[in-house]
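Q:
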Amino acid sequence: MISEGIVQKPSNISFSDGDDVKLIAGKSGERLVSPLHGALYYETYYGHLHHGYNTTPTALPITTTTDPVFLLWNPYGSGVNVVLVHCLIGYDDGTNVDGSLFLGVLTNAGSSVQTGGVISSCTAGPTINGKIGAGSNASTVKFCVSATLTNPATQFLTLGLSLMVLAKTGSASITLKEDFNGTVILTPGTAVFLCDSVASVATYYQRLSWYEYPE
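Reading the sequence shown from the start, the letters are residues 324 to 538 in the numbering used here.
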């Protein structure tokens, strides 16, 4: 089979699904493979990418908590795997204590809240599809801005984000962001939540981004 291309500028036309198009080559006949969009453009375009966030800043709970405030839960029966994309944290108020941020990991988390279950309560938080304003798919998983665990988590993944002494005055701006790049996938019946290695009263706005793909 011969694969041929045509030497030309990249098109400024938005093609429809199923259109036949010609491959583009460079001036030396090389195949042009440089992406025109960000790595997650198509996951977002087809409505697979979602963001969960809090509207009221909260303190990050310590790793031993049974009351997480920012929990993403892929329940049994969802039919999807949840691929983590980004975690972003923005400082709001208060003085924090030096510490490191983690994802608490929960397994066998069930399909719904249950007394005595891994997750015994969940207050749903706001989510938005990454393709804004297009009537895109709603998330099929559970995002909680307040939850109750029967027992503390015993497994943790460090985010590589360290909270040094931070106060509202006398501090430089910082960026707290983790790019997972497909390295954490929540299969049905698992959940993760944000937590801190130490107790602190500082409050933060938080956002977690993920895409959902069939098992």
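We treat Cβ as the ideally placed atom computed from N, Cα and C, and that holds for glycine.
Being a predicted model, the structure only gives us computed values, none of them experimental.
State the CB to CB distance for the pair residue 431 and residue 512, rounded to an integer number of angstroms; the pair is presumed to be in contact (CB under 8 Å).
A: Along the sequence shown, read from residue 1 onward, the residue named residue 431 stands at position 108. Along the sequence shown, read from residue 1 onward, the residue named residue 512 stands at position 189. Contact flag correct, Cβ pair sits at about 6 Å.
Q: From which residue to which residue does the alpha helix (DSSP H) around residue 367 run?
A: For the purposes of this step, residue 367 is taken as the residue at position 44 of the sequence shown. Looking at the DSSP string, the run of the alpha helix (DSSP H) that includes residue 367 is 364-368.
Q: Throw me the rounded Cβ distance for the residue 527 and residue 343 pair, which I believe falls under 8 Å.
A: Translated into the one-based positions of the sequence shown, residue 527 becomes position 204. Translated into the one-based positions of the sequence shown, residue 343 becomes position 20. Their Cβ separation, rounded to whole angstroms, is 50 Å, which puts residue 527 and residue 343 out of contact at 8 Å.
Q: Can you list the beta strand (DSSP E) stretches of 3 or more residues lying completely in the stretch 403-447, in chain order?
A: 403-416, 422-429, 442-447
Q: Can the beta-carbon of residue 370 be found less than 7 Å from the beta-carbon of residue 500?
A: Walking along the sequence shown from the start, residue 370 turns up at place 47. Walking along the sequence shown from the start, residue 500 turns up at place 177. No, they are not a contact pair.
Q: Could you give the residue range of the beta strand (DSSP E) that holds residue 328?
A: The count along the sequence shown starts at 1 and reaches residue 328 at position 5. Where residue 328 is concerned, the enclosing beta strand (DSSP E) stretches over 328-330.
Q: What separation, rounded to the nearest whole angstrom, lies between the Cα atoms of residue 521 and residue 514?
A: Position 198 of the sequence shown holds residue 521. Position 191 of the sequence shown holds residue 514. Answer to the nearest angstrom: the Cα atoms are 21 Å apart.
Q: Could you say which of 421, 506, 405, 422 lies nearest to residue 535 if we only look at CA atoms?
A: On the sequence shown, position 212 is the one that residue 535 refers to. Answer by Cα proximity: 405.
Q: Around the C-beta of residue 461, are 16 or more other C-beta atoms found within 10 angstroms, so that it is buried, or is it exposed?
A: Within the sequence shown, numbered from 1, the residue matching residue 461 stands at position 138. Exposed: under 16 other Cβ atoms inside 10 Å.
Q: What three-state label does DSSP hand residue 460 in the structure shown?
A: If you number the sequence shown from 1, residue 460 lands on position 137. Residue 460: coil per DSSP, three-state reduction.
Q: Between which two residues does the beta strand (DSSP E) holding residue 353 run?
A: Here residue 353 is taken as the residue at index 30 of the sequence shown, counted from 1. Note, residue 353: premise wrong, no beta strand (DSSP E); not H, not E.
Q: By how many angstroms is the C-alpha of residue 482 removed from the C-alpha of residue 529?
A: Here the question's residue 529 lines up with position 206 in the sequence shown. Here the question's residue 482 lines up with position 159 in the sequence shown. The straight-line gap from Cα to Cα measures roughly 14 Å.
Q: With respect to the beta strand (DSSP E) encompassing residue 397, which residues constitute its N-terminal and C-terminal limits?
A: Counted from its first residue, the sequence shown places residue 397 at position 74. 394-397 is the extent of the beta strand (DSSP E) around residue 397.
Q: Near residue 392, what residues of its chain come up, given a Cβ to Cβ distance below 7 Å and the 5 sequence neighbours on each side ignored?
A: Within the sequence shown, the letter at position 69 stands for residue 392. Only 381, 384, 468, 469 meet the Cβ criterion.
Q: Give the straight-line distance between the Cα atoms of residue 435 and residue 444, rounded to the nearest whole angstrom.
A: The residue you call residue 435 lines up with position 112 of the sequence shown. The residue you call residue 444 lines up with position 121 of the sequence shown. Going from the Cα of residue 435 to the Cα of residue 444 covers about 9 Å.
Q: Taking DSSP as the reference, what is the three-state secondary structure of residue 359?
A: As a working note, residue 359 is residue 36 in the sequence shown. In the structure shown, residue 359 sits in coil (DSSP, three-state: anything other than H, G, I, E or B).
Q: Buried or exposed: where does residue 374 fall if 16 or more other Cβ atoms within 10 Å of its Cβ makes it buried?
A: Against the sequence shown, residue 374 aligns to sequence position 51. Its Cβ being crowded by 16 or more others within 10 Å, residue 374 is buried.
Q: Using only the alpha-carbon positions, how far apart do residue 457 and residue 365 sit?
A: Counting from 1 along the sequence shown, the entry for residue 457 is found at position 134. Counting from 1 along the sequence shown, the entry for residue 365 is found at position 42. Approximately 14 Å, taken between the alpha carbons.
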